[in-house]
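Number of protein chains: 2
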Amino acid sequence: MSRNENDPLFPNGKDDYEGEDYDVSQLEEHSHRPPQLVTQPRRYKDGTSIDWLYEEAAERERRRQIHTLHGLRGLLTLVSNSAQMWMVIVATGIGIGVIGAWLDVLVRWLGDIREGRCDRGIFYNQPVCCSGLDSGEICTSWQTWSEYLNVTSILGQSLLQSLIYVALAVVFSGSAAILVKTYAPYAFHTGIPEIKAILGGYVLDAFLSAWTLLIKSLGLALAVSSGLSLGKEGPLVHVSCCMARLLSKLFRQLRQNEAQKRRILAAAAAAGVSVAFGSPLGGVLFGLEELDTLSGETDVMWRGFVISVIAAVSLQYIDPFGTKKLVLFGVSSVTDDVWRAFELIPWITLGVIGGALGSLLIKLNVRFAVYRRNSALYQWPVLEVIGVSAITAAVSYLVVFLRVQSSELVANLFVECEPSRPDYHGLCNPTALWRNVFLLVLTALTKVFFTAWSFGMMVPAGIFLPTIAIGACLGRAVGLVTQDLHRAYSDAWIFSACPSEQTIPCVSPGFYSVIGAAAMLGGVTRMTISLVVIMFELTGALSHVLPIMVSVMTAKWVGEAFGKEGIYPQWIALRNYPWIPPHEYRDRDGRLTTASVMCPVSQLVVIEGTKTTLGHLEQLVRSYDFNGFPVVQEEIFLGLVGREKLRLALEQLLSERSPTELAQECTFINTYAMSEPDLIDLSSLMEVSVLELRTEVPLELVVNTIQKMNLRQILFTQQGKLMGLITKSDIVDLLTVHLPHRAALADFVENRRG
Amino acid sequence: MSRNENDPLFPNGKDDYEGEDYDVSQLEEHSHRPPQLVTQPRRYKDGTSIDWLYEEAAERERRRQIHTLHGLRGLLTLVSNSAQMWMVIVATGIGIGVIGAWLDVLVRWLGDIREGRCDRGIFYNQPVCCSGLDSGEICTSWQTWSEYLNVTSILGQSLLQSLIYVALAVVFSGSAAILVKTYAPYAFHTGIPEIKAILGGYVLDAFLSAWTLLIKSLGLALAVSSGLSLGKEGPLVHVSCCMARLLSKLFRQLRQNEAQKRRILAAAAAAGVSVAFGSPLGGVLFGLEELDTLSGETDVMWRGFVISVIAAVSLQYIDPFGTKKLVLFGVSSVTDDVWRAFELIPWITLGVIGGALGSLLIKLNVRFAVYRRNSALYQWPVLEVIGVSAITAAVSYLVVFLRVQSSELVANLFVECEPSRPDYHGLCNPTALWRNVFLLVLTALTKVFFTAWSFGMMVPAGIFLPTIAIGACLGRAVGLVTQDLHRAYSDAWIFSACPSEQTIPCVSPGFYSVIGAAAMLGGVTRMTISLVVIMFELTGALSHVLPIMVSVMTAKWVGEAFGKEGIYPQWIALRNYPWIPPHEYRDRDGRLTTASVMCPVSQLVVIEGTKTTLGHLEQLVRSYDFNGFPVVQEEIFLGLVGREKLRLALEQLLSERSPTELAQECTFINTYAMSEPDLIDLSSLMEVSVLELRTEVPLELVVNTIQKMNLRQILFTQQGKLMGLITKSDIVDLLTVHLPHRAALADFVENRRG
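Going down the list, the protein sequences come from chains X and D.
Per the working numbering, the very first residue in the first sequence carries number 1031; after that it's consecutive.
Per the working numbering, the very first residue in the second sequence carries number 1031; after that it's consecutive.
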């Protein structure tokens, strides 16, 4: 606390603001320092939060300066300025489309190689190896490993196949883990929690490096094809953001401004989802709903839309699966595309199961993650990955539905039984009903366990696909049971809406799979609209959008009964990122007030603005690493001075002077400096964008203001006097205080004040 | 201006805020007035804006009071509290589903009756009348009017048919206009601009009355079936909102709180779109993108999702068209669902046409609306409707594509030519190419003119369907030309991607229609994502989502070159509603600053807070109708006192006293009142949620803060001193100043200050 009670009360500070145009450079002219201090881009350390208002102001200033340029130069600058943003958008869209396609091909090949090889060359995957055959012809080019090595005994064949299957799983996952651990630790996990935090203003530049891009792509292919229970969807969003970040480094306007950087990232995230699911609309909506950054900013939404389209077009052009379609898991409906009211019962049941099991999966995953950090496993991440993948592979080899890759399983569960199609492992055999149901439930439960464990290990891992697979198994099981009930009691009144001819199937178990998948995803991610859009872009089941909506609705309701947060906010809390959930804060019992959350002025480090010394300021900057210091005159609040700005100014001022001049006096009041020429005028160091509220203001409004305006702090004044301060960190603490494992995996310790 | 320069400078006002819990009732206890003054719902006159912060605070306080109730009563209140909201949601969803279905049936019947009647009874429409026939059998039950009246000569038939056609058009539209003019003037037009404004905080209770609901539904059916170039989509949103408003009147929490009321309305609007297009997802996204109210508020988005599903399920259950599908204009694809790169050329062309023609339509419509208001037509709205519908009917009867209802035209343009399907007016005849193209373009241009005129007359009118019809005609024309080019030059390299067999069609003109419709809608409404979703929920053309996105993208770009605003913001500006566009404000040339937009303190009516008289306050309230008055002490800003709150308090205080006590002194400083017991303490009248900024703050941030926080005003202080004020109206003026016809159709004159 530095107060000089003897300073004059009221300088006549009127003529420095009235009718004066706001202009950073003009403000600078008043001061003793060169102007580059403000126009210089502000640097943030990893682990801090950006100052949105500052970044937005800097961007506006840059844009305004472009508009002041005249003639050809002005026009060219203007054009190149908007062209740069769009170039990054287009290049990222194309790039992520290419990477997505390349990943599909790589994963497919690596997965196939675990079972056999092509005699036309090892680099062919099974479909390519067997292409060009007439239907019905048997593919002889593709050989299992036992065929290739001429093992004839059945026991020998099984042993050899399973050994290679497990061994390659271990090799793949192990190399993924080593790559991640050695070259890019931030390439582990899904990346979506980090992206949410970054888009909210968190600074974590290491997370979006070129190494991360490379390792995450490569590791992802290895991890997915090792058969670990994880998907590639979330990580693709991360990869897409890395790529956008790299490309935007080419242009100064995008490199230097943190707000612009985040706008590009928000659009790139949409492209990631677009490619991951072949779902351009779903991508935009994912950005809108889950990342919550596009809202309000129509420009960003629009760019997300464009980048999504470009990414999807690139993917479709490359066409990695050779289907010429974006729809990944096409649903073939053999029924008349009409659903009956009684089906709402199994569908709502699936919603309930999805909500409950999703919450269980979240809880298990958090528990496992905390256990991992606190146990010996934390020291041996690669060993853990190898062990888990060996166990996963061994167990998976035993259960027929687990053995194939999740995407293949899902694709087969989504389609209906048709005479023209080969029966997938006896799924369509009505006499094997209970065996199928048992196998499906077993598969689902095993996957819940493995997913809860694997999601968080030292490999790139997405949670979408495993969740879809779990839901699809359960959905199919419920569908099979419903179908059997209909077969057995087709005359019951509840089935009266079914067509009377027994030949027309009434219940489509494949579609129940889709419902189950949607419900399970709803339970885990708590998304709603974007989820529905992704599901039907994924399946093409547009006619069944209502049942999907109903089940997602139920899943969300049931899930929220077990805890409001989905898996991503849970991980954000685990890692203690300063991210504020978008939903409305409600202080139910009214115990907390703004005054009780606020850091009162008596505990703040404030600067007496009338007169102080450079030495004192220098000491403040050295002693505290708060983001800024409030400046007061008596108790009247004058403004806020940012720590970084102050540090730079002091550095310059003190380097010009001899060290003995630490006693040189300075002031933050402009008019005061004019009347006393000895004083150095620091008034232009104060932030212009400072929000003040009264202390009686409801806490909910404070939270809401910080949420919506992306503020780092709000100052509280009463009759002009400074009363206290609330920072973003205070709000994050307030909103995450109910989560049990908060900050259990934190890397950075946040500055709590200032 | 009321300043008393002799008042003491600094009262020690510390102990009335520090650590004190914020509690409305507690604050009340300090004062001389009974507490109901604050807990009473605030009333707003039509034409004003609500105080969001106040309403939110009131709602939070209500919720908090419920949570303080204990035992069974507390539980019951809690349950009934959330049940009420959901009951309104469910009932509105079902209600609008029923109304939508009923409207479909009514419009169909009224439309058919213009051409003939059913001999099984006049109340059958054509499809019902002809149902139950085997395919190929000719429907004899349905008779044209000339058949019914046994007119045999061809001339007589034509004359009679056209006469009845025109006469009934006049009767229908005339009665619609009379109904609207007599009973519910607010039932005219689409209603979406008003809903946007209301959701933003505008007060217009007459707009959502029971009469409006009834007249709009009825008038809509009459207007649409009269063949005027208008649709029922926008008005259905209005009807849905009316219904939600009526149902929410049943419950006090929804009736009394303006913020809660708007949350229900936002959800209801989604249901309207859901039913209008059979597009539940599109409804939610429409709310998100066009109404821009759901953003940020996950609760509202979620309710919109639920209500959309319920409305769509109800509509599907009633199944007015007997198709058992929600998809209105099903697209049948005869091609292999794959599109070729060369097709991007015609599609982007369609995007350009849609963007340009859409802008033209907007411009024409605004011109016509302004002309109507300033000409003699304004006195004779019913006559205008009758005249225009007679002309429309007469012209429409001559052009084969105009004669049918727009929905029928669109449905036929969207389907492909197939041998199994009857050829629609020779559209599939390749030899009649140029006749078809001419007819389609003629239809489109006629419709542009008629739509531009009709949208704004004294009848309920939506712009979606006519726009879709215009776009579909142009799309089909472009498709036909492309198809012909392919036929003629099938060996050209540009068509090399087409299948080599001539029997497989390469170009699908029906799908070009869909693209054209999407582009045109994009040009007129400037929606993007919601538009794409609506288009493919409307057509089921999920596999072609990319081309639709590309054309909408192009249309938006081209459209924005002619002006940023879509048709709804233009109408909002025409009617001068205080609505702030959601997009970011950019002051390109930097001429405007906060200080130049701000109303400086010298022009404000301020209250000297230290000591004033009841008489003076009473005179202020009587003389000015600003929303509030700033209270200052010397120049230091103390707070803002709302006019309504002040008026009520004064009423009560003065009614207790004799009129001579107008000289009774009062103060707004709590501690001051304590030391001088004669003074009446009015400090609790001051608003708690007041936002203060510095005057140097960039104007963009001011606009952004008012946008995001839904503020009515921002106060500017400097070192505690009040400098000025910017209100929502100032910002609306700032953002609409470039629109030429701003306020040309305004009903209310806004308060400019306070």
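Ideal placement from N, C-alpha and C gives every residue a C-beta, glycine not left out.
query: His1455/X - DSSP class collapsed to helix/strand/coil; result: coil
query: Beta-carbon neighbours of Ser1719/D, restricted to chain X and to distances below 8 Å; result: Leu1723, Arg1724, Val1727, Pro1728 and Leu1731
query: Cβ neighbours of Pro1064/D in the same chain (closer than 7 Å, five flanking residues each side left out); result: Since pLDDT at Pro1064/D reaches only 33, below the 50 mark, its modelled position is unreliable, and the value read off the structure follows with that caveat. So the list is empty, once near-sequence residues are dropped.
query: Helix, strand or coil at Phe1667/D [DSSP, three-state]; result: strand
query: Cys1271/X, DSSP secondary structure in three states; result: helix
query: First and last residue of the uninterrupted beta strand (DSSP E) at Gln1743/X; result: Gln1743 to Gln1748
query: Bridge partners - Met1487/X, DSSP secondary structure assignment; result: Answer by DSSP bridge pairing: none, since Met1487/X is not bridged.
query: Euclidean distance between Cα positions of Ala1289/D and Cys1696/X; result: 49 Å
query: Bridge-paired residues (DSSP) for Leu1723/D; result: Phe1746/D
query: Buried or exposed by the 16-neighbour rule on C-beta atoms within 10 Å, applied to Gln1748/X; result: buried
query: Tyr1047/X in three-state terms, based on DSSP; result: Low local confidence applies: a pLDDT of 31 at Tyr1047/X is under 50, so the model's placement there is unreliable, and no value is given.
query: Assigned exposure category for Ser1389/X - 16 Cβ within 10 Å defines buried; result: buried
query: Cβ pair count under 8 Å reaching 3, the stretch 1732-1743 of chain D against the stretch 1726-1746 of chain X; result: yes
query: Met1628/X - containing beta strand (DSSP E), residue span; result: Run containing Met1628/X: none; DSSP gives neither H nor E here.
query: Simplified DSSP state of Thr1757/X, which is helix, strand or coil; result: strand
query: Arg1333/D to Asn1111/D span [Cα, whole Å]; result: 15 Å
query: Three-state secondary structure assigned by DSSP to Thr1569/D; result: helix
query: Contact set between the stretch 1748-1764 of chain X and chain D, restricted to residues whose Cβ is under 8 Å from the partner; result: Gln1748, Gln1749, Gly1750, Lys1751 and Met1753
query: Any 3 or more C-beta pairs closer than 8 Å across the stretch 1398-1412 of chain D and the stretch 1443-1450 of chain D; result: no
query: Unbroken beta strand (DSSP E) run spanning Gly1146/X, endpoints; result: Gly1146 to Cys1148
query: Proximity test, Cβ basis, 8 Å: Leu1083/X and chain D; result: yes
query: Under 7 Å from the C-beta of Arg1090/X: neighbouring residues of chain D; result: Pro1728 and Glu1730
query: Of the listed residues Gly1257/X, Ile1637/X, Leu1243/X and Gln1694/X, nearest to Val1661/X (C-alpha basis); result: Ile1637/X
query: Among Pro1071/X, Gly1077/X, Arg1073/X and Ser1419/X, the one whose alpha carbon lies nearest that of Asn1606/X; result: Gly1077/X
query: Beta carbon proximity, Ser1055/X to chain D, threshold 8 Å; result: Low confidence applies here, because Ser1055/X scores a pLDDT of 39, under 50, leaving its location unreliable; read the following figure in that light. It does not: the Cβ of Ser1055/X has no partner Cβ on chain D nearer than 8 Å.
query: The stretch 1092-1099 of chain X contacting the stretch 1751-1764 of chain X, beta-carbon criterion three pairs below 8 Å; result: no
query: Environment of Gly1501/D [buried if 16+ CB atoms lie within 10 Å]; result: buried
query: C-beta neighbour in chain X for Thr1766/D, strict 8 Å; result: no
query: DSSP state of Arg1063/D mapped onto helix, strand, coil; result: Because the pLDDT at Arg1063/D is just 37, under 50, the model does not fix this residue reliably, and the point stays unresolved.
query: Euclidean distance between Cα positions of Cys1855/X and Ile1602/X; result: This structure cannot settle anything about residue 1855/X, because the visible part of chain X is limited to 1031 through 1784.
query: Proximal chain D residues relative to Glu1177/X, where beta-carbon distance stays under 9 Å; result: Near Glu1177/X there are no residues of chain D at all, since even the closest Cβ is about 36 Å away, more than 9 Å.
query: At least three beta-carbon pairs within less than 8 Å, the stretch 1299-1317 of chain X to the stretch 1521-1540 of chain D; result: no
query: Closer than 8 Å to chain X by CB, Val1109/D; result: no
query: Selection from Ala1298/D, Glu1319/D, Trp1369/D and Glu1320/D that minimises the alpha carbon distance to Val1339/D; result: Ala1298/D
query: For Ile1578/X, the three-state DSSP class (helix, strand or coil); result: helix
query: Residue environment, His1100/D, which counts as buried when at least 16 other CB atoms sit within 10 Å; result: exposed
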